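Student: Numbering (my numbering), first residue to last: 625 to 854.
Beta carbons: idealized from backbone N, C-alpha and C, even for Gly.
It should be emphasised that the depicted structure is a prediction, and the values quoted were computed from it without experimental measurement.
First the structure, then my questions, so here it is.
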């Protein structure tokens, strides 16, 4: 990408880093949340479902502000983590946290639909043969829901790449530290003559998003063929 300037390339690299970490760190929790919502019945299930999907409904700026209040250096969690050397506010790690939270509902929804599509009788049959719950999940459930897990991961990654409101509120727009693709596009549009740089980053965003979606579709089809024994 020689046609990108140093500041533009820096924003692209940081966005990929933030989106990758956001997806990898949230995926185990996404699978757990999806399994809980799909397979369990308990008091407060509707409340949990609402809390998980709340970032989709709230203005992103509100989510970012709540993150700042909670994980900021003076927040209850941020103040506890700071002596341990873990800082989120105004760091790229905070951008990853904000992106993970904003993409989490989309990830959970895709994986939950996959859980609900699996016939519980298949899991029960494996359990009657003496397999533990963990072994049933690893050998029966997980292969069947893998296409949904991939779809959820890609949706979370794409959302993380495009996250702006919560990120800029929580970690600001610091070049080289927290300036992701959307933040860089916004910054370039605020200065005279920055339209060309903004347009280049817009094109990069489109290419990355389409590439992720196409890759996910190809991987999902391959996994589905293996699951079906084709």
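Which ranges does the alpha helix (DSSP H) cover as unbroken runs of at least 4 residues, wholly within the stretch 649-686, from first to last along the chain?
Tutor: Taking only runs of at least 4 residues, the alpha helix (DSSP H) segments lying wholly in the stretch 649-686 are 669-681.
Student: Could you tell me the alpha carbon to alpha carbon distance between residue 839 and residue 701, rounded to whole angstroms?
Tutor: Computed Cα separation, rounded: 37 Å.
Student: Whose CA, out of 793, 841, 673, lies closest to the CA of residue 777?
Tutor: Selected option, being the one with the closest Cα: 841.
Student: Does DSSP put residue 787 in a helix, a strand or coil?
Tutor: It is coil, neither helix nor strand.
Student: Taking DSSP as the reference, what is the three-state secondary structure of residue 840?
Tutor: Reduced to three states, the DSSP call for residue 840 is helix.
Student: State buried or exposed for residue 814, treating a residue as buried only when at least 16 other CB atoms are found within 10 Å of its CB.
Tutor: So residue 814 counts as exposed.
Student: Going by alpha carbons, who is nearest to residue 634 out of 687, 657, 833, 821?
Tutor: Residue 634 has its Cα closest to that of 821, out of 687, 657, 833, 821.
Student: Please tell me whether residue 688 and residue 722 are closer than 8 Å, where the distance is taken between their beta carbons.
Tutor: Contact: yes.
Student: Between the Cα of residue 725 and those of 751, 650, 717, spot the shortest distance and give me the residue it belongs to.
Tutor: When only C-alpha atoms are compared, the closest one is 650.
Student: Just the Cα atoms here: how many angstroms apart are residue 644 and residue 745?
Tutor: Distance between the alpha carbons of residue 644 and residue 745 is about 35 Å.
Student: Can you round the beta-carbon distance between residue 765 and residue 742 to whole angstroms, since I take them to be within the 8 Å contact cut?
Tutor: Indeed they touch by this definition, with Cβ atoms about 6 Å apart.
Student: May I ask which residues mark the beginning and end of the alpha helix (DSSP H) holding residue 808?
Tutor: Looking at the DSSP string, the run of the alpha helix (DSSP H) that includes residue 808 is 805-813.
Student: Going straight from the alpha carbon of residue 658 to that of residue 795, what length do you get?
Tutor: Cα to Cα, the separation comes out at about 29 Å.
Student: Check for me: the alpha helix (DSSP H) holding residue 738 runs from which residue to which?
Tutor: That run of the alpha helix (DSSP H) goes 716-741.
Student: Going along the chain, which residues of its own chain have a beta-carbon closer than 8 Å to the beta-carbon of residue 826, five neighbours each way excluded?
Tutor: These residues qualify, in order along the chain: 809.
Student: In its own chain, which residues sit with a C-beta less than 7 Å from the C-beta of residue 832, not counting the 5 before and 5 after it?
Tutor: The answer, listed in chain order, is 785.
Student: Identify which residue in 677, 760, 782, 712 has its Cα closest to the Cα of residue 733.
Tutor: Checked all of 677, 760, 782, 712; the closest Cα to residue 733 is 677.
Student: Determine whether the Cβ of residue 659 lies closer than 8 Å to any Cβ atom of chain B.
Tutor: Within the model displayed, chain B is absent; a lone protein chain is all it includes.
Student: Along the chain, where does the alpha helix (DSSP H) that runs through residue 759 open and close?
Tutor: Its alpha helix (DSSP H) spans residues 757-760.
Student: Starting from the C-beta of residue 730, find all residues in its chain whose C-beta is less than 8 Å away, skip the five residues before and the five after it, and write them out in chain order.
Tutor: Excluding sequence neighbours, residue 730 sits near 680, 776, 779, 780, 783.
Student: Quick check on the burial criterion: 16 or more other C-beta atoms within 10 angstroms. Buried or exposed for residue 812?
Tutor: Flag for residue 812 reads buried.
Student: Tell me the residue span of the alpha helix (DSSP H) that contains residue 749.
Tutor: Note, residue 749: alpha helix (DSSP H), 744-752.
Student: Starting from residue 700, trace the alpha helix (DSSP H) in both directions and tell me its first and last residue.
Tutor: Note, residue 700: alpha helix (DSSP H), 700-705.
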